[in-house]
Amino acid sequence: MNTVTYTVCPGDTPRRIARLFGVSYPSLVAVNPQWEEDPALIDGEIVYVPMPMPRLYVVRQGDTWESIAAQTGCGLEQLWELNSHVYKGYLTTGQWLELPSAHSSRIVASEAEYGPQELSQDLARLSVRYPFLKVETIGQSVLGKPLLTLQIGEGPFRWHFNGACHANEWITSLLLMRFAEDYARAYRNRSLIGGKDAAKLFGKITLYIAPMLNPDGVELVLEGLKPAHPLFKELLLWNRGSTRFGSWKANTRGVDLNDQFPAHWEDERDRRQINGPAPRDYGGPAPLSEPEARSLVDWTERKDFHAVLAMHTQGEEIYWNYRDNEPPEAAVWAGRLANASGYRAVRLTGSDAGYKDWFIQRFKRPGFTVEAGWGHNPLPLEGFASIYDGVVKLFAEALDLSE
Ligand SMILES: [Zn+2]
Numbered sequence: 000m001n002t003v004t005y006t007v008c009p010g011d012t013p014r015r016i017a018r019l020f021g022v023s024y025p026s027l028v029a030v031n032p033q034w035e036e037d038p039a040l041i042d043g044e045i046v047y048v049p050m051p052m053p054r055l056y057v058v059r060q061g062d063t064w065e066s067i068a069a070q071t072g073c074g075l076e077q078l079w080e081l082n083s084h085v086y087k088g089y090l091t092t093g094q095w096l097e098l099p100s101a102h103s104s105r106i107v108a109s110e111a112e113y114g115p116q117e118l119s120q121d122l123a124r125l126s127v128r129y130p131f132l133k134v135e136t137i138g139q140s141v142l143g144k145p146l147l148t149l150q151i152g153e154g155p156f157r158w159h160f161n162g163a164c165h166a167n168e169w170i171t172s173l174l175l176m177r178f179a180e181d182y183a184r185a186y187r188n189r190s191l192i193g194g195k196d197a198a199k200l201f202g203k204i205t206l207y208i209a210p211m212l213n214p215d216g217v218e219l220v221l222e223g224l225k226p227a228h229p230l231f232k233e234l235l236l237w238n239r240g241s242t243r244f245g246s247w248k249a250n251t252r253g254v255d256l257n258d259q260f261p262a263h264w265e266d267e268r269d270r271r272q273i274n275g276p277a278p279r280d281y282g283g284p285a286p287l288s289e290p291e292a293r294s295l296v297d298w299t300e301r302k303d304f305h306a307v308l309a310m311h312t313q314g315e316e317i318y319w320n321y322r323d324n325e326p327p328e329a330a331v332w333a334g335r336l337a338n339a340s341g342y343r344a345v346r347l348t349g350s351d352a353g354y355k356d357w358f359i360q361r362f363k364r365p366g367f368t369v370e371a372g373w374g375h376n377p378l379p380l381e382g383f384a385s386i387y388d389g390v391v392k393l394f395a396e397a398l399d400l401s402e
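With numbering that gives the first Met the number 0 applied, the sequence shown covers 0 to 402.
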């Protein structure tokens, strides 16, 4: 196999390098057999990358240009352009078509770890490809990373979805970003998203997505603790001496952002009995002490959302109530979300200070926490497609709930 060389940069992982070159992860491992022993990368190390092959598609009986575009995730015009030698009036079974490289067809790639860098690049590229998307920064993390949001649709009902409040649940950022891209494409192509007419949803809903509420924490989980980190000594202590952060849920000050909201915050603190920075469950010195939680609350007040949905992992459950503050439609909506996704709607007690708890108590409107997927956090990327399959239907159903 022909290869090129690549010099490892800070933050690189094997999967991120595969994504950068648009090659598959197994094909990258095949030319770097040393990773089978130890996949850790060293900055400045030289690795090999296979030359990407053109992607081809064999036309099957019954295929149309439109169905091939939909199946492969290409734009119809891009597909015509690459195959300008093929007569558009008909396709022959068994004929080869060229597809855009994995690189160019889809912006949000689920083959690699998804951190703050990937998020900001993807948002920039999405807003170029789909100019009707609006990207806005609603605040900054403790370490000064932008808290990025995305707006799609122009309807009167204001829905809000968010993700990666818990650092090691970063796969929720990818679920939300994949949905944003698929929804934008479906709207432009006048097609379906999660079985629903995208243009109809677009006309009745304005959706505000905050894909990554805790970018500092996500970076720690994905890349581990580096000596150059401004809180290196503290984080090492709070993480019991380990530089690996796979179990870390908190922000970079060891505060669990989903225990930060002013909804019986003291009850949650007394229940948890965690009195200082920790990988999880420490609610901070006071409600909204952390800029990530404060920014989300301020933005929620400004936008006056009609309903919110907070994405977490894992358990395939939907929580929809809070201390009898939820409106009557909440249970019905939860049932419909459960039907659409195959998840269970669960009535929860004995939990406070979460974002959806605060939202329900503050506005008396529907608020949900969805625990996506099944397994041990962080959920592995290998399961992404099957998790997304349920979640895309849940998201589309949510957007279709309000009349
Ligand atoms: Zn969580």
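Glycine included, every Cβ here is placed at the ideal spot set by N, Cα and C.
Since the model is a prediction, treat every value here as computed from it, not as a measurement.
Residues in its own chain within less than 7 Å of residue i by CB, not counting five upstream and five downstream?
i, result
"A17", "S23, Y24, L27, E110, A111"
"V57", "G93, W95"
"A6", "It should be noted that the sequence gives Thr, not Ala, for residue 6. Closer than 7 Å at the Cβ level, and outside the excluded window around T6, lie G43, I45."
For residue i, collect the residues of the same chain with a Cβ closer than 6 Å to its Cβ; drop the 5 residues on either side in sequence, then sort them by chain order.
i, result
"P214", "P115, S140, K144"
"W332", "P365, L400"
"L206", "I151, G152, W158"
"E315", "Y342, W373"
"H102", "The predicted model places H102 with a pLDDT of 48, which falls under 50 and marks its position as unreliable, so this point remains unresolved."
Select from the options the residue whose C-alpha is nearest the C-alpha of residue i.
i, options, result
"N257", "T71, A197, A352", "A352"
"V127", "R184, L78, W319", "R184"
"Q370", "E328, F178, K302, I170", "The question names Gln, but residue 370 is Glu in the sequence shown. It is I170 whose Cα lies nearest to the Cα of E370."
"E381", "M176, A108, W237", "A108"
"S119", "D303, L212, P327, R346", "L212"
"I151", "A166, V48, G162, E180", "E180"
"D269", "T63, S172, H165, S350", "S350"
"C73", "I41, W373, R54, Q94", "R54"
"R239", "P278, R124, G154", "P278"
"E168", "L40, A68, A39, A309", "A309"
"E97", "A39, L81, W34, L191", "L81"
"P327", "T299, I359, L347, R301", "I359"
"V220", "R189, F362, F244", "F244"
"P377", "S172, W95, Y186", "S172"
"N338", "F304, N320, G389", "G389"
"I433", "F362, N320, T299, H263", "Nothing can be reported for residue 433, as the shown portion of the chain is limited to 0 through 402."
"R105", "P276, T71, V85", "T71"
"W319", "M176, H311, T368", "T368"
Around the C-beta of residue i, are 16 or more other C-beta atoms found within 10 angstroms, so that it is buried, or is it exposed?
i, result
"A209", "buried"
"E291", "buried"
"K225", "exposed"
"V254", "buried"
"E65", "exposed"
"M50", "exposed"
"G88", "exposed"
"R15", "buried"
"K392", "buried"
"F178", "buried"
"G216", "buried"
"I41", "exposed"
"N403", "What the structure shows of the chain is the stretch from 0 to 402, and residue 403 is not part of that stretch, so it cannot be assessed."
"Q313", "buried"
"K355", "buried"
"A384", "exposed"
"P13", "buried"
"V3", "exposed"
Mind checking if residue i is an interface residue toward chain D, Cβ cutoff 8 Å exclusive?
i, result
"Q120", "Annotation note: the requested chain D is absent from the structure, which comprises a single protein chain."
Secondary structure at residue i, three-state DSSP: helix, strand or coil?
i, result
"K225", "coil"
"V134", "strand"
"A309", "strand"
"Y24", "helix"
"V46", "strand"
"Q139", "strand"
"R184", "helix"
"R105", "coil"
"R18", "helix"
"R293", "helix"
"A249", "coil"
"T299", "helix"
"V57", "strand"
"T71", "helix"
"I273", "coil"
"V254", "coil"
"Y5", "strand"
"E36", "coil"
"L96", "strand"
Taking 8 Å as the limit between beta carbons, can you name the residues of its chain near residue i, skipping five residues before and five after?
i, result
"L287", "Q259, F260, P261, R293, V296"
"A404", "What is shown of the chain runs 0 to 402, which leaves residue 404 out entirely."
"W247", "A166, N167, G216, L219, V220, N238, P278, R279"
"E289", "V141, N250, R252, V254, L256, Q259, G283"
"L235", "L224, S241, T242"
| request: Give, in chain order, every unbroken run of the beta strand (DSSP E) that is at least 3 residues long and sits entirely within the region 142-182. | output: 145-151, 156-161
| request: Within the region 324-369, note down every full alpha helix (DSSP H) run reaching 4 residues or more, in order along the chain. | output: 328-340, 354-362
| message | Threshold first: 3 residues or longer. Then list the beta strand (DSSP E) segments lying entirely within the region 190-240, N to C. | response | 204-209
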